[in-house]
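Q: Residue numbers (the working numbering), protein chains in the order written: chain B, 1359 to 1718; chain S, 1359 to 1718.
Glycine residues also receive a C-beta, built at the ideal position from the N, C-alpha and C atoms.
Let me give you the structure first, and then I'll get to my questions.
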């Protein structure tokens, strides 16, 4: 748990609904973690009036005015060109770099946020590419799935890095000592084209990694089952899987609504079972698991869903709080350090010891 | 519609439950299409007793004994080595080649079935790789998604081939004149690594293809919405998406069941709304959309789900019937012919006219 106050750098301008929703979410999160502090970044005329209406939040916040706000449809390169060093998004990330804050949260556009986070914080030693980790509701509880869209494609070493980082996040967020890890694959045998996944699996079997329990390949159906604590895949497939699951949940929600309003009997049944439906809605509520965690950078940045309401924003801030309070960054650094130290003494097949991937 | 009797070649030994379920499914399908005929392949001692108990089916069937049955866990290479020329699976496919049947159906293992279908029927002219097309239930009805796992990876020309074949299937199965087609992609701009998808999109925009309406990129959430009639992707992503959707549907089904049995009020509500729940179950019933269609071969083969019950098997046979009755193969051949004829006159960028891909 937290030893000192956790400070959240918050991009007040991010998201589809702007400061009113972002700050309301911050206030809700603050009620749950009263020791939390905020550094807020945004345009004064938009943020001040909202903040003045939320005295509890105002009391625990420092506000910095920023002229520039990144729009939801700005391209990453455009955002970086126009918003670097001065936008609310940049400033929130920079507060993590300078140590003013422990973690940054933004509901701004993912591409821009990732581009700025990479530019500002840089990737960790040994890590070539960061990943976005999602919290996935399952029949067993919650799993972590990464990468859900930071970059397309991943080689075997990157998949192993994702495994290590995902396991560290599982420990930090869910206090699981030795999380189980699976590589997302398809069930067809003797199939060509995914040598990287097979190679990553082979390496993790041959050289077990401290702090994670590698369980082999998992399939798309295992995501909802929660077969493993951490599911690892490259960003294209991970993004498609995440959005397919979201779409399927919404689709079934629509079917259910249509079915329950079709006849008077069904409507009556619905009323009697309302508390059950409320529980179900709660289970399926995407706001409960809001917060994509950027992993592999020298600082933790949380992406809140652009369309989030206050409750969703609060959930993302909760994740940020947990990540900071449980020392996610230090856990990842120490775990990666062990993996890469190990790699020097046990050279990978076909690779010389002291290869380029091993930091000096 | 069908001009003459449709004959289905059926691998009676495929699937987890064997001939009893496969043949019961065939009988159900026969009741819906009484003009249908079957050629059945399987082990006499297993099939005969079942067939004797289904006199209607027996009357419309020819049975051929096969010594060898492919097991669900046989590897494709193993299946091909041991089952070529003699297994019930092979014989069902071969019946399509010889013209004894119009289409083959098997619930045997996908890898083995695809390996045998490729070996026996060969790919169509211009087609390098076959695809498996799935029928995907959506809020608008049903879409076709391909490839869901025949092969991993696809270049731009293969994605275009999939688009043409998927559109032909949409016309044959759903009588949609000019199906809308989307390429599955992720929403992040300026992302590297999926040049093939971008290139395929660019080509379909620049040179519209007769008989399909290309609508650009779609995302994972569009699958359940039914944004387009045909969603095109390479086999790894398609398989993960399909299984993720199946898993999510099952997950929500479990939540719903748990919620509805938790309190007496909920149970009572459930009883009153039972017909609504039955409708919902019906909507979500994976058996209703059973049948993966192998496209791109010189003959149509339908893969029924290994775990299907009789109703699921019947659904796969319904799909087979529709594909044959509506001349899917001829539609694909003529559409591909037009596309490749077109390509000669409009050479692809960076490719000489009369490149290798253009058949003489």
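Return the chain-ordered ranges of every beta strand (DSSP E) run that is complete within the stretch 1576-1629 of chain S and spans a minimum of 3 residues.
A: Those beta strand (DSSP E) runs which fall completely within the stretch 1576-1629 of chain S and span 3+ residues are 1588-1590.
Q: Please list, in chain order, the residues of the stretch 1573-1599 of chain S that have any C-beta partner in chain B closer than 8 Å.
A: Answer set for the stretch 1573-1599 of chain S: 1577, 1578, 1579, 1580, 1581, 1582, 1583, 1591, 1593, 1594, 1595, 1597, 1598, 1599.
Q: For the structure I just gave you, are there three or more beta carbon pairs, one from the stretch 1515-1530 of chain S and one from the stretch 1612-1631 of chain S, closer than 8 Å?
A: These segments do not touch.
Q: Are the C-beta atoms of residue 1689(S) and some chain B residue less than 8 Å apart?
A: No, its Cβ sits nowhere closer than 8 Å to a Cβ of chain B.
Q: Which residues, taken in chain order from the stretch 1628-1644 of chain S, show a beta carbon closer than 8 Å to some beta carbon of chain B?
A: Listed in sequence order: 1628, 1629, 1630, 1631, 1632, 1633, 1634, 1635, 1637, 1638, 1641, 1642.
Q: Scan the stretch 1416-1487 of chain S and note each continuous alpha helix (DSSP H) run of 4 residues or more that stays entirely inside, going in chain order.
A: Complete alpha helix (DSSP H) runs here, min 4: 1434-1441, 1446-1456, 1468-1479.
Q: Leaving out five residues on either side along the sequence, give the residues of the same chain with a beta carbon under 7 Å from the beta carbon of residue 1448(B).
A: Excluding sequence neighbours, residue 1448(B) sits near 1441, 1442, 1474, 1478.
Q: On a Cα-Cα basis, can you pick out the residue from 1571(S), 1598(S), 1562(S), 1566(S) that is closest to residue 1578(S)?
A: Selected option, being the one with the closest Cα: 1598(S).
Q: Please list, in chain order, all residues of the same chain as residue 1434(B) whose beta carbon is under 6 Å from its beta carbon, the five residues on each side excluded.
A: The answer, listed in chain order, is 1469, 1470, 1473.
Q: In chain order, what are the residue ranges of uninterrupted alpha helix (DSSP H) at least 4 long that sit wholly in the stretch 1657-1705 of chain B?
A: If we require 4 residues or more, the alpha helix (DSSP H) runs fully inside the stretch 1657-1705 of chain B come out as 1668-1683, 1686-1703.
Q: So for residue 1633(B), helix, strand or coil by DSSP?
A: Residue 1633(B): helix per DSSP, three-state reduction.
Q: State yes or no: is the beta carbon of residue 1626(S) nearer than 8 Å to at least one beta carbon in chain B?
A: Yes, residue 1626(S) counts as interfacial toward chain B.
Q: Distance, Cα to Cα, residue 1697(S) vs residue 1369(B)?
A: Cα to Cα, the separation comes out at about 50 Å.
Q: Report yes if the CB atom of residue 1408(B) is closer than 8 Å to the CB atom of residue 1502(B), and no otherwise.
A: Not closer than 8 Å, so no.
Q: In three-state terms, what does DSSP make of residue 1535(S)?
A: Coil at residue 1535(S), not helix or strand.
Q: Taking CB distances under 8 Å as the criterion, tell me whether residue 1428(B) reaches chain S.
A: It does not: the Cβ of residue 1428(B) has no partner Cβ on chain S nearer than 8 Å.
Q: Looking at the C-beta of residue 1650(B), does it have a partner C-beta in chain S at a distance below 8 Å?
A: Chain S, which has no Cβ nearer than 8 Å to the Cβ of residue 1650(B), makes this no.
Q: I'd like to check one pair, residue 1482(S) with residue 1656(S): are the Cβ atoms closer than 8 Å?
A: Yes; because the gap between Cβ atoms is below 8 Å, this pair is in contact.
Q: Could you tell me whether any Cβ in chain S is nearer than 8 Å to the Cβ of residue 1458(B)?
A: With 8 Å as the cut-off, residue 1458(B) does not count as an interface residue toward chain S.
Q: Just checking my contact of residue 1590(S) with residue 1541(S) at CB under 8 Å: how many whole Å lie between their CB atoms?
A: Going by Cβ atoms, the distance from residue 1590(S) to residue 1541(S) rounds to 5 Å, so yes, they are a contact pair.
Q: Hey, how far is the Cα of residue 1425(B) from the Cα of residue 1627(B)?
A: Their Cα atoms are separated by approximately 54 Å.
Q: Name the chain S residues whose beta carbon is nearer than 8 Å to that of residue 1727(B)?
A: Since the displayed chain B opens at 1359 and closes at 1718, residue 1727(B) lies outside it and no answer follows.
Q: Assuming residue 1569(B) contacts residue 1693(B) (C-beta within less than 8 Å), just tell me the rounded distance between them.
A: Confirmed, Cβ separation roughly 6 Å.
Q: According to DSSP, is residue 1508(S) part of a helix, a strand, or is it coil?
A: Residue state, collapsed to three classes: coil.
Q: Let me know the secondary structure DSSP gives residue 1368(B) once reduced to three states.
A: If DSSP states are grouped into helix, strand and coil, residue 1368(B) belongs with the strands.
Q: Following the continuous alpha helix (DSSP H) through residue 1409(S), name the residue where it begins and the one where it ends.
A: Residues 1402-1410.
Q: Report the partner residues of residue 1395(B) according to the DSSP bridge assignment.
A: Residue 1395(B) is bridged to 1365(B).
Q: Below 8 Å on the Cβ atoms is my contact criterion, and I expect residue 1373(B) with residue 1459(B) to pass it. Report the Cβ-Cβ distance as a whole number of Å.
A: Contact flag wrong, Cβ pair sits at about 19 Å.
Q: Taking all protein chains shown into account, decide if residue 1414(B) is buried (16 or more other Cβ within 10 angstroms of its Cβ) or exposed.
A: So residue 1414(B) counts as exposed.
Q: Need the endpoints of the alpha helix (DSSP H) that residue 1383(S) sits in, please.
A: Here the alpha helix (DSSP H) through residue 1383(S) covers 1377-1390.
Q: Is the shortest distance between the beta-carbon of residue 1607(B) and the beta-carbons of chain S less than 8 Å?
A: Chain S, which has a Cβ nearer than 8 Å to the Cβ of residue 1607(B), makes this yes.
Q: Can you give the beta carbon distance from residue 1634(S) to residue 1621(B), rounded, assuming they're within the 8 Å contact cut?
A: Going by Cβ atoms, the distance from residue 1634(S) to residue 1621(B) rounds to 7 Å, so yes, they are a contact pair.
Q: Using a Cβ cut-off of 7 Å, pull out every chain B residue sitting near residue 1497(S), in sequence order please.
A: Residues of chain B passing the Cβ test: 1609, 1612.
Q: For residue 1602(S), tell me which candidate among 1584(B), 1617(B), 1619(B) has the shortest Cα-Cα distance.
A: Closest by alpha carbon: 1584(B).
Q: Taking only the alpha-carbon atoms, compute the straight-line gap between residue 1561(S) and residue 1689(B) and give it to the nearest angstrom.
A: Straight-line Cα distance between these residues: approximately 47 Å.
Q: Buried or exposed, going by whether 16 or more other CB atoms sit within 10 Å of the CB of residue 1363(S)?
A: The residue is exposed, with fewer than 16 neighbouring Cβ atoms inside 10 Å.
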